[in-house]
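Asker: The structure is given below, and queries will be raised subsequently.
Number of protein chains: 4
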Amino acid sequence: MGKDIRTAILGASGYTGAELLRLLNAHPSFAIAALTAETQAGKEMAEVYPHLAPRRLPKLVKHTEVDFSKIDLVFCCLPHGTTQEIIAGLPKNVRIVDLSADFRLHDIAAYKEWYGHEHRAGALQKDAVYGLTEHYRERIKSARLVANPGCYPTSILLPLLPLLKGAYLDLSPIVVNSLSGISGAGRKVAQEYLFTELDGGVSAYGIGRHRHLAEIEQEVSKVTSRYSLNPVPHCPVSFTPHLVPITRGMLSTIHVRLNDFEADTAANLVRMAYKDEPFMTVLEKGSASTHQVRGTNRCIMSFHPGRQSQELIIVSVIDNLVKGASGQALQNANLMFGLPETTNLEATAIFP
Amino acid sequence: MGKDIRTAILGASGYTGAELLRLLNAHPSFAIAALTAETQAGKEMAEVYPHLAPRRLPKLVKHTEVDFSKIDLVFCCLPHGTTQEIIAGLPKNVRIVDLSADFRLHDIAAYKEWYGHEHRAGALQKDAVYGLTEHYRERIKSARLVANPGCYPTSILLPLLPLLKGAYLDLSPIVVNSLSGISGAGRKVAQEYLFTELDGGVSAYGIGRHRHLAEIEQEVSKVTSRYSLNPVPHCPVSFTPHLVPITRGMLSTIHVRLNDFEADTAANLVRMAYKDEPFMTVLEKGSASTHQVRGTNRCIMSFHPGRQSQELIIVSVIDNLVKGASGQALQNANLMFGLPETTNLEATAIFP
Amino acid sequence: MGKDIRTAILGASGYTGAELLRLLNAHPSFAIAALTAETQAGKEMAEVYPHLAPRRLPKLVKHTEVDFSKIDLVFCCLPHGTTQEIIAGLPKNVRIVDLSADFRLHDIAAYKEWYGHEHRAGALQKDAVYGLTEHYRERIKSARLVANPGCYPTSILLPLLPLLKGAYLDLSPIVVNSLSGISGAGRKVAQEYLFTELDGGVSAYGIGRHRHLAEIEQEVSKVTSRYSLNPVPHCPVSFTPHLVPITRGMLSTIHVRLNDFEADTAANLVRMAYKDEPFMTVLEKGSASTHQVRGTNRCIMSFHPGRQSQELIIVSVIDNLVKGASGQALQNANLMFGLPETTNLEATAIFP
Amino acid sequence: MGKDIRTAILGASGYTGAELLRLLNAHPSFAIAALTAETQAGKEMAEVYPHLAPRRLPKLVKHTEVDFSKIDLVFCCLPHGTTQEIIAGLPKNVRIVDLSADFRLHDIAAYKEWYGHEHRAGALQKDAVYGLTEHYRERIKSARLVANPGCYPTSILLPLLPLLKGAYLDLSPIVVNSLSGISGAGRKVAQEYLFTELDGGVSAYGIGRHRHLAEIEQEVSKVTSRYSLNPVPHCPVSFTPHLVPITRGMLSTIHVRLNDFEADTAANLVRMAYKDEPFMTVLEKGSASTHQVRGTNRCIMSFHPGRQSQELIIVSVIDNLVKGASGQALQNANLMFGLPETTNLEATAIFP
């Protein structure tokens, strides 16, 4: 099998770009044909990321320098808001996995509400498929544009959707607290992300208004509006993200109330729902820890009875840079090009 | 003012003992008269804790070697379950602040349920005052035995109690997620607390069954049983603790539903309740971070509206070794001996 | 004792400024009269450093807004190179401790060589006293301008100078490797200081050309030129600094060759030299660790025989923000104003 | 290519065992036939290492339960001192890579001196090949027993040996300071390796007497005795190891004096010596950082001129668990079985 699918990474100077390069190492089909960056254009990747020095990689160029007629696949790793015109301008032959938030919301009014400006490629929005692989696999296979989910939504929706689809939950508030490694902020140079400002401490942020809530609401409401007597989309999710001083890893603790089920039953229902999934694990015992998924595309979940009856606490972990970003992007690209979904995604977690 | 109150620390080889010694440095009234340890008896503190080498401190001895007739105050830093007979055996002249869990639960049946064995000093239990200073100050002043609260309950009860006492909360589940620094586990030598097992990862533990829930239920139920039509004590608290790779610091994120109030109003109510308290801060803006309290006896709280109406998210931070243990113990001891409550507790947080 | 010495901190928005405020908390004599910053002028300290919120502090103003005729003491915490004109412009009544490198080098030619531009206040340079307290105490007492040493030179010169002064060392290369916590870089917002770039890794930097070597060479040569047959100043120090992912702390490992002495003898010589010093400790056994000095003004040293005969390895630790910066600055200011040198500098190390 | 080489890992419950399992994932030739442990025998690997749960692996058994007649290759990951009789008892058909120190020293008198007891399999010692692959490749190919080098010696000898072999160094003291991640201590449960004891601090240990010095002396002396007029083996290496709070990674800073060469020339000489080596990199610019090698089998070196003439500072980095242990073991095993040396060892470093 030759490396015959010509692949470009736009925004390769960010962490998700670098992580894609790590995951694409020795990929049997995707050949790196172009890497773009704006302020760093002209540099070798080894200057921008010394850990990539042993790899032979194209130099960083501006995206306007790429001949996209010779590109089959684009991974778009640009910052939110900068992606829309660029993707709209790509020729039809190019298939795209977009890691930004720009095409995740089907409703451009919701986009405007959460992101504060009109969507600049609204016509494309309706064709974009939300790339939560386990729930949109068939549509992803034939999609031209996949909107890769956010890291928080990935860790939260994966355990919740099977329970919601089965109508197993009392829709009293679903209370989600998530802990994120700092790489979730990308390589953004800002005081709040300095080592000295984060080392040895924890904090919450974006309480009640983190933009990832928009995706969560969209996906949850799609399900709840189907089985609700009330046709109004309904999403009673409370979401509080936290920053913890680790580089990689995301843990979501999800508090729900079950409709006449026990926690064990809920675990079994989710286990059954995901029984053929290569990257989903529901633990038989113990509690999920981010160490179990570091460097992998896996989502591991554990289900725990609460102190109150019918109370269920779910712990869900991913590597925010892999299943929460670049790994899921590769999983989707594998599907789009008819390759085994797990290609280059079966590494063992790196521990300790 | 002379150092005239003869003070012993039992279990001085643990982290709370060491932290008490840090806080007692140059205390104007409490003189260290004895330090005890069991396996480490006979050693100098400088061997057990090299950072204490510059201090002139008594050698560690077994507690049976101490002449308690010459001791006025005992800080008891022994592990849970080992404290009861020892405290029961102390002469009446000695006043005690116990940092273990042994005397926190008034109900010895509850003690047995949570700790798995009969209480061995049940007669003392009823005299013990729960040492959450801001809520039991007057009783603490005259107590012989103060049961210093756990770190999690301290961080959770301080913001919740004023809201519960004012009946401002809808008693739908109160969902608490707490993040704890590793020093909360003490100096226990176990595989799960190795650097390599914790660095770079996060996990939840004790879900739905952490023993600190017993204290939380006791204190919450005292309040809710007063204003409930239903005389049955009621505590709808769901509590999930997490370990995060920091040494010191505890952050609790508390999700509640307000009775027709806004988050700002709730913040004001708690601010008013604590307006004369030296160690309580309700932020005017921003979100509480553990960095703001490291090394201090302070509890800092921030109040945030949720996405749903009447939803309130509270963030509460303490240093688990100070306000969550040794600092609150000293605050209580200061009160018990008629000293200014803030004596030796007014350091600025250590940041960065 | 009243707070009668009116104190200004210039550049209070950096870490050394914040650390000075921590150390000055409840200082019996130094009253904070002004705090300056440039881009952050107009803000409350609580905005810039939330951990200082509980303190009542003046608002940040530009240094041009301060009436220096009403100031007795200035701590100058400005970046290197920005300090010279400002200090030259202060009225004569003001005494100054400068934490920058601007006045550390007596020789303005050496300054130009290392810093790349002409000194802009050369006339003052010769009056400045190098503020390594233990070696310049008498001159500091009467100095108007004290040039507070760099963190690396402090940790290196303190163990070396007594050995050099006694001519106990063979002047074959003295090989120094130092490990620094990240706060040594200040609050500088740059990619290389992001959490994600530093967490979980170590590196060396500035090899053979770190500017602190200029100070080391100056101070070592002063001694070696005295006892050398060769009157040429001589400093055979090789210095390699490293960044380690801790926030505070500095450890220097110094490899020297002794003139017919054993390591134990060398330890005793240094111990004797510092026997009356409040902040110098030579360990009797064990190896110095940064944990032993965190938050304190102490320098702890340990002396170890090497594998080869006459080989001595010295380990020296300080808290880079305290003895390596703000603590030594306060120690010097205490001396300059006739106060006990240890005032507000006797805290116990914060561990764990 | 089938998985036809039956492989056992003895001591699979330690970190080097777990790391071997990570590296052997999907190896085309080595099939895991047996995993042994002593106190943990009877457990599934998923209990001992939850991150390995997704893998289908044999249960842990005692080594006495393994039928070694059906084993082709043994990786021996047992603690130092426990390996000798076990390896001596293996049947002749089994080829062995031993990750302990037990067979690294050719001279059993030196073994006794450093390890404090008689060697218990002295006859085997002389057949063991020191597994520093780049310097013993041909002998490793045909060896029955390879003694895999220690992590410190690997990081130190790789840059030093080409310079020593070329007689480019003045044999004045070679001063080595190394920084090690905590995983170098294995999964040993001891107070000194607790998170709380290591987080936020650094220290030196084993100064002048770390056992890895024995290996360094052996390998250096082999070279220096060849070109010395003095036939006495000579190794003027001073070695000071340090613990830094990272989990993986090792950095050695090596100070040498060149014989009439410049640092650049030395870099070129080493670059030429390793020009065909798949895992050796001499940087063209910049300084080697452990982040560049995390998770990989690579050794990256950078060469820097010192402040004094002819002074050279070398920085050398490896992942202590990969090139410093399990990766080099796999590299050696690949060679022993005629496989491409790089099989399963070409992953990109994991950063951030």
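Residue numbers (numbering that gives the first Met the number 0), protein chains in the order written: chain X, 0 to 351; chain G, 0 to 351; chain E, 0 to 351; chain C, 0 to 351. Note that the Cβ used here is the ideal one computed from N, Cα and C, for glycine as well.
Output, in chain order, the set of chain C residues within a Cβ distance shorter than 7 angstroms of G/Gly165.
Answerer: The sequence position of residue 165 of chain G within the second sequence is 166, counting from 1. None at all; the shortest Cβ gap to chain C is about 39 angstroms.
Asker: Out of G/Leu19, G/Lys2, G/Ile8, G/Lys111, state which residue places its alpha-carbon closest to the alpha-carbon of E/Thr347.
Answerer: For the purposes of this step, residue 347 of chain E is identified with residue 348 of the third sequence, where counting begins at 1. When only C-alpha atoms are compared, the closest one is G/Leu19.
Asker: Under 9 angstroms, Cβ to Cβ, is there at least one residue of chain D near G/Arg21?
Answerer: Among the protein chains of the structure shown, namely X, G, E and C, there is no chain D.
Asker: What residue range does the beta strand (DSSP E) around E/His116 cover?
Answerer: For this step, residue 116 of chain E is matched to residue 117 along the third sequence. Careful: E/His116 lies outside any beta strand (DSSP E) and carries neither H nor E.
Asker: Give me whichever residues DSSP pairs with C/Glu310 in a beta bridge.
Answerer: Translated into the one-based positions of the fourth sequence, residue 310 of chain C becomes position 311. In DSSP, C/Glu310 forms a bridge with C/Arg256.
Asker: Does C/Phe74 come within less than 9 angstroms of chain E when only Cβ atoms are used?
Answerer: Residue numbering aside, residue 74 of chain C sits at position 75 when the fourth sequence is read from its first letter. It does not; no Cβ of chain E falls within 9 angstroms.
Asker: Would you kindly report the start and end of the unbroken alpha helix (DSSP H) that includes E/Ile349?
Answerer: Along the third sequence, read from residue 1 onward, the residue named residue 349 of chain E stands at position 350. Taken as a continuous stretch (DSSP letters only), E/Ile349 belongs to no alpha helix (DSSP H), as it is neither H nor E.
Asker: Going along the chain, which unbroken runs of the alpha helix (DSSP H) with 4 or more residues stay wholly within the region 232-281 of chain X?
Answerer: If we require 4 residues or more, the alpha helix (DSSP H) runs fully inside the region 232-281 of chain X come out as 262-272.
Asker: Since G/Ile312 contacts G/Thr252 with CB under 8 angstroms, what's their CB separation in whole angstroms?
Answerer: Position 313 of the second sequence, counted from the first residue, corresponds to residue 312 of chain G. Position 253 of the second sequence, counted from the first residue, corresponds to residue 252 of chain G. Between G/Thr252 and G/Ile312 the Cβ distance is about 6 angstroms, and since that is below 8 angstroms, they are a contact.
Asker: Looking only at its own chain, which residues have a Cβ that is under 8 angstroms from the Cβ of G/Leu22, when we skip the five neighbours before and after it?
Answerer: What you label residue 22 of chain G is simply residue 23 of the second sequence in a count that begins at 1. For G/Leu22, where only same-chain residues beyond five positions count, the Cβ hits under 8 angstroms are Val321, Ser325, Gly326, Leu329, Asn343, Leu344.
Asker: For C/Gln217, decide whether its Cβ has a neighbour in chain G, counting only Cβ atoms nearer than 9 angstroms.
Answerer: Reading the fourth sequence from its first residue, position 218 is the one you call residue 217 of chain C. No, its Cβ sits nowhere closer than 9 angstroms to a Cβ of chain G.
Asker: Name the DSSP bridge partner or partners of C/Tyr129?
Answerer: Taking the fourth sequence and counting its residues from 1, the one referred to as residue 129 of chain C is at position 130. DSSP output for C/Tyr129 lists C/Ala146 as bridge partner(s).
Asker: Using 8 angstroms as the threshold, is the region 259-266 of chain G in touch with the region 170-189 of chain G, meaning 3 or more CB pairs across them?
Answerer: Not touching, per the Cβ criterion.
Asker: What number of angstroms, rounded off, separates the C-alpha of G/Val255 from the C-alpha of G/Glu310?
Answerer: Taking the second sequence and counting its residues from 1, one reaches residue 255 of chain G at position 256. Taking the second sequence and counting its residues from 1, one reaches residue 310 of chain G at position 311. C-alpha separation (whole angstroms): 6 angstroms.
Asker: By Cβ distance, which residues of its chain are closer than 7 angstroms to X/Ala40, with the 5 residues on each side in sequence left out?
Answerer: Here residue 40 of chain X refers to the residue found at position 41 when the first sequence is read from its first residue. Taken in chain order, the residues that qualify are Leu59, Val60, Lys61.
Asker: Which residues, taken in chain order from the region 188-216 of chain X, show a beta carbon closer than 8 angstroms to some beta carbon of chain G?
Answerer: The residues in question are Thr195, Glu196, Asp198, Gly199, Gly200, Val201, Ser202, Ala203, Tyr204, Ile206, Gly207, Arg208, Leu212.
Asker: Leaving aside the five residues before and after C/Ala203 along the sequence, list all residues of the same chain whose C-beta is less than 6 angstroms from its C-beta, in chain order.
Answerer: Start at 1 with the first residue of the fourth sequence, and residue 203 of chain C comes out as number 204. Around C/Ala203: Thr239, His241.
Asker: Please state whether DSSP places C/Thr352 in a helix, a strand or coil.
Answerer: This structure does not reach residue 352 of chain C, given that chain C is present from 0 up to 351, and the question cannot be answered.
Asker: Residues of chain E with CB closer than 9 angstroms to the CB of X/Thr246, please, in chain order.
Answerer: What you label residue 246 of chain X is simply residue 247 of the first sequence in a count that begins at 1. By Cβ distance, chain E contributes Phe194, Thr195, Asp198, Gly199.
Asker: Would a C-beta distance cut-off of 9 angstroms place C/Arg5 and C/Ala30 closer than the cut-off?
Answerer: For the purposes of this step, residue 5 of chain C is taken as residue 6 along the fourth sequence, with counting starting at 1. For the purposes of this step, residue 30 of chain C is taken as residue 31 along the fourth sequence, with counting starting at 1. Closer than 9 angstroms, so yes.
Asker: Beta carbon of G/Cys76, beta carbon of G/Ile317: below 9 angstroms?
Answerer: For the purposes of this step, residue 76 of chain G is taken as residue 77 along the second sequence, with counting starting at 1. For the purposes of this step, residue 317 of chain G is taken as residue 318 along the second sequence, with counting starting at 1. No, Cβ-Cβ distance for G/Cys76 and G/Ile317 is not below 9 angstroms.
Asker: Under the three-state reduction of DSSP, which class applies to G/Ile206: helix, strand or coil?
Answerer: Looking up residue 206 of chain G in the second sequence gives position 207. G/Ile206: coil per DSSP, three-state reduction.
Asker: What is the DSSP secondary structure of E/Thr6, reduced to helix, strand or coil?
Answerer: Against the third sequence, residue 6 of chain E aligns to sequence position 7. Correct three-state label for E/Thr6: strand.
Asker: Which bits of chain C does E/Ser286 rub up against, with CB to CB less than 7 angstroms?
Answerer: In the third sequence, residue 286 of chain E corresponds to position 287, counting from 1. Those within 7 angstroms of E/Ser286 in chain C are Ser202, Ala203, Tyr204, Ile206.
Asker: How big is the Cα-Cα spacing for X/Gln217 and X/Pro152?
Answerer: Taking the first residue of the first sequence as position 1, residue 217 of chain X is located at position 218. Taking the first residue of the first sequence as position 1, residue 152 of chain X is located at position 153. Each residue's alpha carbon lies about 10 angstroms from the other.
Asker: So C/Asn176 is in the beta strand (DSSP E); what residue range does that whole segment cover?
Answerer: In the fourth sequence, the residue the question calls residue 176 of chain C occupies position 177. Looking at the DSSP string, the run of the beta strand (DSSP E) that includes C/Asn176 is 168-179.
Asker: Specify the secondary structure class of X/Thr35 as computed by DSSP and reduced to three states.
Answerer: In the first sequence, counting from the first residue as 1, residue 35 of chain X sits at position 36. Looking at X/Thr35 - three-state DSSP - the assignment turns out to be strand.
Asker: Just to confirm before moving on: does the CB-CB distance between X/Ser12 and X/Ala32 stay below 9 angstroms?
Answerer: Numbered from its first residue, the first sequence carries residue 12 of chain X at position 13. Numbered from its first residue, the first sequence carries residue 32 of chain X at position 33. Against a cut-off of 9 angstroms, the Cβ pair of X/Ala32 and X/Ser12 comes out as no contact.
Asker: Just list the beta strand (DSSP E) runs in the region 22-90 of chain E, keeping only unbroken ones of 3 residues or longer that don't cross its boundaries, in chain order.
Answerer: Segments of the beta strand (DSSP E) lying fully in the region 22-90 of chain E: 29-35, 72-75.
Asker: Suppose you measure from the CA of G/Ala120 to the CA of G/Leu160; what does that come to, to the nearest Å?
Answerer: Within the second sequence, numbered from 1, the residue matching residue 120 of chain G stands at position 121. Within the second sequence, numbered from 1, the residue matching residue 160 of chain G stands at position 161. Cα to Cα, G/Ala120 sits roughly 29 angstroms from G/Leu160.
Asker: Any beta carbon from chain C within less than 9 angstroms of G/Ala36's own beta carbon?
Answerer: Along the second sequence, read from residue 1 onward, the residue named residue 36 of chain G stands at position 37. It does not: the Cβ of G/Ala36 has no partner Cβ on chain C nearer than 9 angstroms.
Asker: Does the contact criterion of 3 or more C-beta pairs under 8 angstroms hold for the region 266-278 of chain C versus the region 290-310 of chain C?
Answerer: Contact between the region 266-278 of chain C and the region 290-310 of chain C is present, because at least three Cβ pairs lie under 8 angstroms.
Asker: In this structure, how does DSSP classify C/Pro157 when only helix, strand and coil are distinguished?
Answerer: Taking the fourth sequence and counting its residues from 1, the one referred to as residue 157 of chain C is at position 158. Residue identity check: residue 157 of chain C is Leu in the sequence provided, not Pro. C/Leu157 falls in the helix class under three-state DSSP.
Asker: Secondary structure at G/Arg136, three-state DSSP: helix, strand or coil?
Answerer: The sequence position of residue 136 of chain G within the second sequence is 137, counting from 1. G/Arg136: helix per DSSP, three-state reduction.
Asker: Between which two residues does the alpha helix (DSSP H) carrying C/Arg225 extend?
Answerer: Translated into the one-based positions of the fourth sequence, residue 225 of chain C becomes position 226. Counting along the chain, the alpha helix (DSSP H) containing C/Arg225 begins and ends at 211-226.
Asker: What's the C-alpha gap between C/Lys164 and C/Cys234?
Answerer: Looking up residue 164 of chain C in the fourth sequence gives position 165. Looking up residue 234 of chain C in the fourth sequence gives position 235. Going from the Cα of C/Lys164 to the Cα of C/Cys234 covers about 13 angstroms.
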